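K.L.:
Dropping the structure in here first, questions after.
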Amino acid sequence: MYTTSALDDLAVYEQLIQALQLGREAPENRDRVTGEVAPQIVQLASDDTDALVRAARRIAPYADGIDLNLGCPQRRAKDNHYGGYLLGKKDWPLLETIGMFPVSHAVSSLSQAVSIPISVKIRLCDHALDTPKLAVKLAASGAKIVTLHARHVAIHRRRANAAKLNFVADIRDALDQAGLHASQPGGHCYVLSNGNVRSWSDIVQNLEKTRADGVMVGEPLLDVPQLFAPSFGATFTELDAMHTYLSTCEKYPLESTMPRIQQHLQYMVGAGFPPSRETRKIHDTLRTSSSIQSMLQYVESLQCIPPPSSMLL
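For what it's worth, this note's numbering labels the leading residue of the sequence shown as 972, then goes sequentially.
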């Protein structure tokens, strides 16, 4: 997620553009089955329509879509009045009074400003039953995808309790009834479900329950980066995923520091190996390794793995 004020920093903007260009060129970013380049969507956050439009126009030549963040629950979002803190009905009159915009106007302005698709990610409104109504408003304003993280906005304990996926189903029903869902004649909007995913079986069950068109997964991919592998009939072990990750870090030595790389590996080990003396040894060895190459060699010693080129997802 990028705030519009962050993109005013030339260094931040240039780093984003370089990442998008690399993503389009890297063979790892191609669909394993079709060979197509995976779409790259940039998420923006602001309560200023003009700033959103300016940022979207700068990014559009390099991206395949723009996502408007109306779901960030963090303190910085509350302090700067963006993300999930634009969802409450109490804020809509305030925005209009100070001459800014109703939430849906931001989507409409973005849709008119750029030719690439506009999507929106939201959380549950303060009054949860308002959420499907908001989704219809956003779709009617031009959003091609509405993603619901079916929890309320909260600075602390943001993932406390299970996500209320019944509201994802309610959004699908509301869009169907309004003729806005892509399955309806003349419809254009798809629904994604976010939350309650730790395994591939969770994805299958959530899609059946919600009738969503797809599933968005965030932080669980830090633990299980191979989570979507079954979608193309592949099986990857935790060691396979670790090897692929390290090979990619070695091939593209950008800004990732050793502590950050080691932390990612700790997530994978913690999620993929049962508590044991052997697991503690893996944690300790990776945490104290001094180079990517030494970690690669260690992972290869744990299991016979083919050369990196054949391990790319």
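For each residue, glycine too, the CB sits at the ideal point set by N, CA and C. If you're wondering where the values come from, they're calculated on a predicted model, not measured in any experiment.
Going by CA-CA distance only, name the one from G1189, H1254 and K1115 that's closest to M1213.
P.N.:
Residue H1254 is the option with its Cα nearest to M1213.
K.L.:
Can you tell me which of the three DSSP states A1022 falls into?
P.N.:
It is helical.
K.L.:
Quick one: using the 10 Å Cβ neighbour count with 16 as the cut-off for buried, is Y1053 buried or exposed?
P.N.:
The residue is buried, with at least 16 neighbouring Cβ atoms inside 10 Å.
K.L.:
Between which two residues does the beta strand (DSSP E) containing D1038 stretch?
P.N.:
That run of the beta strand (DSSP E) goes G1036 to L1041.
K.L.:
Given a cut-off of 8 Å, decide if P1201 and W1171 are closer than it, judged by their beta-carbon atoms.
P.N.:
Yes; because the gap between Cβ atoms is below 8 Å, this pair is in contact.
K.L.:
Can you list, in chain order, the residues of its chain whose CB lies under 8 Å from that of P1010, leaving out five sequence neighbours each side?
P.N.:
So the qualifying residues of the chain are D1035 and G1036.
K.L.:
Which same chain residues, not among the five before or five after V1004, have their C-beta less than 6 Å away from its C-beta?
P.N.:
So the qualifying residues of the chain are F1203.
K.L.:
Figure out for me which residue from K1115, E999, G1055 and S1086 has the closest Cα to the Cα of Y1297.
P.N.:
There is simply no residue 1297 to check, as the chain begins at 972 and stops at 1284 in what is shown.
K.L.:
Nearest by alpha-carbon distance to Y973: which of I1030, F1199 and A1125 is it?
P.N.:
Here the closest residue by C-alpha is I1030.
K.L.:
For A1016, write down the residues that DSSP places opposite it in a beta bridge.
P.N.:
Answer is T974.
K.L.:
Report yes if the C-beta distance between H1235 and L1193 is below 8 Å; otherwise report no.
P.N.:
Cβ distance < 8 Å, so H1235 and L1193 count as in contact.
K.L.:
Using C-beta distances below 6 Å, list every residue in its chain close to H1120, excluding the 5 sequence neighbours before and after it, in chain order.
P.N.:
Excluding positions up to five away in sequence, the list reads G1042, R1094, N1165 and G1166.
K.L.:
Report the residue ranges of all beta strand (DSSP E) runs contained in full by the segment 1185-1239; include only those spanning at least 3 residues, in chain order.
P.N.:
If we require 3 residues or more, the beta strand (DSSP E) runs fully inside the segment 1185-1239 come out as 1185-1187.
K.L.:
Rounded to the nearest angstrom, how far is the Cβ of M1229 from that of T1118, given a contact under 8 Å?
P.N.:
34 Å between Cβ atoms; not a contact.
K.L.:
Given a threshold of 16 other Cβ atoms within 10 Å of its Cβ, counted over all protein chains shown, does G1241 qualify as buried or as exposed?
P.N.:
That one is exposed.
K.L.:
Which runs of the beta strand (DSSP E) fall wholly inside the segment 1160-1184 and span at least 3 residues, in chain order?
P.N.:
As far as the segment 1160-1184 is concerned, its whole beta strand (DSSP E) runs of at least 3 residues are 1161-1165.
K.L.:
Quick one: what's got a C-beta closer than 7 Å to G1113's C-beta in the same chain, skipping five residues either side?
P.N.:
Contacts found: V1078, S1079, S1082 and I1089.
K.L.:
Going along the chain, which residues of its own chain have a beta-carbon closer than 8 Å to the beta-carbon of E1249, five neighbours each way excluded?
P.N.:
Taken in chain order, the list of residues that qualify is empty.
K.L.:
By the 10 Å Cβ neighbour count, where 16 or more other Cβ atoms means buried, how is T1040 classified, buried or exposed?
P.N.:
Looking at the sequence itself, residue 1040 is Asn, so the reference to Thr does not match. By the 10 Å Cβ count, N1040 comes out buried.
K.L.:
From which residue to which residue does the beta strand (DSSP E) around I1263 run?
P.N.:
It is not in any beta strand (DSSP E) - I1263 instead sits in the alpha helix (DSSP H) that spans I1263 to L1273.
K.L.:
Over the uninterrupted beta strand (DSSP E) stretch that includes I1116, give me the two end residues.
P.N.:
Counting along the chain, the beta strand (DSSP E) containing I1116 begins and ends at I1116 to H1123.
K.L.:
In this structure, how does DSSP classify V1085 when only helix, strand and coil are distinguished?
P.N.:
Looking at V1085 - three-state DSSP - the assignment turns out to be coil, as it is neither helix nor strand.
K.L.:
Hey, how far is the Cα of D1038 from the Cα of A1026?
P.N.:
Taking the straight line joining both Cα atoms gives about 12 Å.
K.L.:
Is the beta carbon of M1187 within less than 7 Å of some heavy atom of the ligand HEM?
P.N.:
Annotation note on the ligand HEM: not contained in the displayed structure, which lists no ligands.
K.L.:
Where does H1254 sit, in a helix, a strand or coil, going by DSSP?
P.N.:
Helix.
K.L.:
Contact defined as beta carbons within less than 8 Å: I believe A1183 pairs with A1145. What is the distance between those atoms, to the nearest angstrom?
P.N.:
Going by Cβ atoms, the distance from A1183 to A1145 rounds to 13 Å, so no, they are not a contact pair.
K.L.:
R1251: which of Q1264, Q1237, S1262 and L978 sits nearest, CA to CA?
P.N.:
Nearest C-alpha to R1251: Q1237.
K.L.:
Do N1000 and G1006 come within 8 Å of each other at the CB atom, strictly closer than that value?
P.N.:
No, these two residues do not count as a Cβ contact at 8 Å.
K.L.:
Find out if the Cβ-Cβ distance for the pair I1116, L1163 is shorter than 8 Å.
P.N.:
Result yes, Cβ atoms of I1116 and L1163 sit closer than 8 Å.
K.L.:
Suppose the cutoff is 8 Å on Cβ atoms and the five residues either side in sequence are ignored; what does the same chain contact list for L1257 look like?
P.N.:
Contacts found: Q1233, L1236, Q1237, V1240, M1266 and Y1269.
K.L.:
What does K1092 pair with, by DSSP beta-bridge criteria?
P.N.:
Paired residue(s): N1040 and T1118.
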